[in-house]
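Visitor: My questions will all concern the structure given below.
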Amino acid sequence: MSKDTRDDQLGRARVMDNAALNAYYEELAGLETGALWTVANDIEPWEPIPHSAPTIWRSRDLRPKVLAALDLVRPEDAGRRVVYLRNPKRREVSACCGWLFSGIQVMRPGEIASAHSHAASALRFIMEGARAFTVVHGHRITLGARDFVITPNGTWHEHGVLEDGETSMWQDGLDIPLTNALEANFYAVHPDNFQNSNLPWDASPAIWGNPGLLPVKEEWGAFYSPLMKYTWDKTYEGLQNYAAVTDGDPFDGVIMRFVNPATGGHPMATMGAAMQLLRAGEKTKAHRHTGNVIYHVAKGSGHSVIGGVRYDWQEKDIFCVPPWLWHEHSNASEKDDAVLFQFNDFPVMEKLKFYREEAFPENNGHQEITGQA
Ligand SMILES: [Fe+2]
Ligand SMILES: [Fe+2]
663 MSKDTRDDQL GRARVMDNAA LNAYYEELAG LETGALWTVA NDIEPWEPIP HSAPTIWRSR
723 DLRPKVLAAL DLVRPEDAGR RVVYLRNPKR REVSACCGWL FSGIQVMRPG EIASAHSHAA
783 SALRFIMEGA RAFTVVHGHR ITLGARDFVI TPNGTWHEHG VLEDGETSMW QDGLDIPLTN
843 ALEANFYAVH PDNFQNSNLP WDASPAIWGN PGLLPVKEEW GAFYSPLMKY TWDKTYEGLQ
903 NYAAVTDGDP FDGVIMRFVN PATGGHPMAT MGAAMQLLRA GEKTKAHRHT GNVIYHVAKG
963 SGHSVIGGVR YDWQEKDIFC VPPWLWHEHS NASEKDDAVL FQFNDFPVME KLKFYREEAF
1023 PENNGHQEIT GQA
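In the numbering used here, the protein residues as written are 663 to 1035.
And the structure:
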């Protein structure tokens, strides 16, 4: 690790090597021990050092490759037909950003991936298609473009596209790398391969997805949200309503997070999600925070500046913002709004009391652009 000039002060490790110390270090190593002062400055950085590179995956590059998988593998062989997004600095853990996994799944009409469960939480953001569905813990749910759907950790789930549907594509988000880092992952195949459910289709959003209303007589004891699908129409309407009466957040524009309607908390234990609207011409100021964020352009076009580098984006592009990097967003259109879906590991950051955020202090909140991706 490169030397940080801040380390040359009282309170940081600044022992110089000498022959006696080096001999001592060797003796310690022989006992599977070490002197903390030789590693302290590395293992206790002054501030978070992101392990991931800011990266953009553009739909125009990716979509043809995802479609190509249709003819190359069958879901019953692949388990899930997914092209995953591999961060160039996180290859060893197959992560998209930090401890978050993401990929794009594609299925044809009539195909179904069998039921399974895992300790990692999962979510979906639907990109295109028609008559796709998921069954989550017996809840049968239809999937429409730009819907956000949850698959909480430990629940049985399976996905498919009905015979009369269209080839469908969605972004998966999971915290597989986090679960593996914590050595807590489990995976199970459903004993019957498919769930047998008689619940009405889309009962979950019908019961729990009505604004300002909770059913009086429904019990819900699970730790995750009883609302498993957040439909685009309602989400977008909510953003527009909010946009009409707020100046918005200086860093995120008009942003609303997805909630468990029974508690007001995050829909799942380990991953959060939000939708943010950038009004015509809107340019946010830069901030940085702990936590990893993976964005999906739900609508419109624009660019984000992440760590000084400009990333231009269009609908269905995906990009990530690693922890503690300055970032700001800009809508390219002077007429139309742009909308960004995001999922993140904020629930973990919050529960562990690690969440921290700060505003970019210079240049009226805007970074100097030093490169373009
Ligand atoms: Fe799964
Ligand atoms: Fe942010």
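Where a beta carbon is used, it is the ideal one built from N, C-alpha and C, also for glycine.
Taking any heavy atom of ligand 3 as the mark, which residues have a C-beta closer than 7 Å to it, listed down the chain?
Guide: Ligand 3 is absent from the structure shown, which contains only ligand 1 and ligand 2.
Visitor: For the candidate residues K978, Y849, A794 and M789, whose alpha-carbon lies nearest to that of T817?
Guide: The shortest C-alpha separation from T817 is found at Y849.
Visitor: With DSSP as the reference, label M1011 as helix, strand or coil.
Guide: M1011 falls in the helix class under three-state DSSP.
Visitor: Give, in chain order, every unbroken run of the beta strand (DSSP E) that is at least 3 residues long and sits entirely within the region 833-921.
Guide: Those beta strand (DSSP E) runs which fall completely within the region 833-921 and span 3+ residues are 849-851 and 916-919.
Visitor: DSSP three-state label for D666, please.
Guide: Coil at D666, not helix or strand.
Visitor: Classify E1020: buried if its beta carbon has 16 or more other beta carbons within 10 angstroms, exposed otherwise.
Guide: E1020 is exposed by the Cβ-count criterion.
Visitor: Starting from the C-beta of M663, find all residues in its chain whose C-beta is less than 7 Å away, skip the five residues before and the five after it, and write them out in chain order.
Guide: With a pLDDT of only 49 at M663, under the threshold of 50, the placement of this residue in the model should not be trusted; the figure read from the coordinates follows. Counting only Cβ-Cβ distances below 7 Å, and skipping sequence neighbours, we find D704.
Visitor: If we call anything under 8 Å between Cβ atoms a contact, is L1002 one with A1035?
Guide: No, they are not a contact pair.
Visitor: Going by DSSP, name the residue or residues bridged to Q767.
Guide: Answer is V744 and W832, bridged to Q767.
Visitor: To which residues does DSSP link T787 through a beta bridge?
Guide: Rather than Thr, the amino acid found at residue 787 in this sequence is Phe. DSSP lists F810 and Q833 as partners of F787.
Visitor: Residues in the same chain with beta-carbon distance under 8 Å from D670, minus the five sequence neighbours each way, listed in chain order, please.
Guide: Correct list, in chain order: R676.
Visitor: What are the boundary residues of the alpha helix (DSSP H) that I705 is part of?
Guide: That run of the alpha helix (DSSP H) goes A702 to I705.
Visitor: Under 7 Å Cβ to Cβ from Q1029, same chain only, skipping five residues before and after it: list those, please.
Guide: So the list reads A948, V967, G970, W988, E990 and F1022, once near-sequence residues are dropped.
Visitor: Looking only at DSSP bridge pairs, what is V755 linked to?
Guide: Beta-bridge pairing links V755 to no other residue.
Visitor: Please name the residue in Q938, S859 and W986 whose C-alpha comes closest to that of A905.
Guide: The shortest Cα separation from A905 among Q938, S859 and W986 belongs to Q938.
Visitor: When we look at the beta-carbon of D837 and count the other beta-carbons within 10 Å, is it buried (16 or more) or exposed?
Guide: Answer is buried; the Cβ neighbour count reaches 16.
Visitor: Write down the C-beta distance between Q833 and S776 rounded to the nearest angstrom, noting that I regard them as a contact closer than 8 Å.
Guide: Q833 to S776, Cβ: 21 Å. No contact.
Visitor: Can you tell me where the alpha helix (DSSP H) with D974 in it begins and where it stops?
Guide: Careful: D974 lies outside any alpha helix (DSSP H), inside the beta strand (DSSP E) at V971 to W975.
Visitor: Just how far apart, CA to CA, sit A794 and A935?
Guide: Using only the alpha carbons, I get a separation of about 21 Å.
Visitor: Just verifying my parser: in three-state terms, what is the DSSP assignment at K947?
Guide: DSSP places K947 in coil when its eight states are reduced to three.
Visitor: Below 8 Å between beta carbons: does that hold for G760 and H799?
Guide: No, the pair does not count as a contact, with Cβ atoms beyond the cut-off.
Visitor: Can you look up V983 in the DSSP assignment and give me helix, strand or coil?
Guide: Here V983 sits in strand by DSSP.
Visitor: Any heavy atom of ligand 2 closer than 7 Å to the CB of V955?
Guide: Checking the Cβ of V955 against ligand 2 gives yes.
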